[in-house]
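Numbered according to the numbering used here, the sequence shown terminates at residue 193, and the numbering increases by one at each position without gaps. Glycine included, C-beta positions come from ideal geometry on N, C-alpha and C.
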Amino acid sequence: MMRFLCKLIEGRAMSASTYNISIERNVDFCLVLTLKNDTGTAIDVTNATIDSEIKQDYYLPTIQTFTVTKVTPASGLIKLTLTAAQTALLHPGPLKYDVLVKYADGTIQKILKGAVAVDTNISTLS
68 MMRFLCKLIE GRAMSASTYN ISIERNVDFC LVLTLKNDTG TAIDVTNATI DSEIKQDYYL
128 PTIQTFTVTK VTPASGLIKL TLTAAQTALL HPGPLKYDVL VKYADGTIQK ILKGAVAVDT
188 NISTLS
C-alpha cells in the first residue's frame, strides 16, 4: 500500500492564488487542494480537465507533470502527486509550478501558482 503525507490547502479562483511548495527528492510527494471561487464556494471540477506542471520558466520545457486526481470533484477536492522516481529527477534551483483548469464550456483558468523548492535527502533507500 502506498502512503502519502499530503498537505491540504485551498486555491481560490479569480486571480490565481500563490502557494510555494517544497518537494523532497527521491520520495513521494502529495498536495491536496480544495478549489473554491472568490466567494468561498467549492468549484465543481467534475467535467473539467486539470493540468499541473513544473518548469524553470513558462517558455522552457516541462521538467515534471503532476498526476492530478479528482478526489471529490463536485466539492473541488483534487490531489497532485509525484512518485519518488519523478522527484528524483528534480534539481535544486529556481522552479515554478501552476495548476490550470479547463471547464466544460472551454474556459481556462489558472487556479494556483508558486515556486518549487527542491530539498535533497541525506539518506537513501535501495
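DSSP, reduced to helix, strand and coil, places S190 outside both helices and strands of the structure shown, so it counts as coil. Across the structure, F133 and D118 are spaced so that their CA atoms are roughly 8 Å apart.
Counting along the chain, T154 sits inside the alpha helix (DSSP H) bounded by residues A151 to T154. Burial state of L149 is buried, judged by a 10 Å Cβ sphere holding 16 or more other Cβ atoms. Going by C-alpha positions, D124 is about 15 Å away from N87.
Here the alpha carbons of I145 and V94 stand approximately 20 Å from one another. Around the CB of G107, fewer than 16 other CB atoms lie within 10 Å, so the residue is classed as exposed. The secondary-structure analysis by DSSP pairs T136 across a beta bridge with K146.
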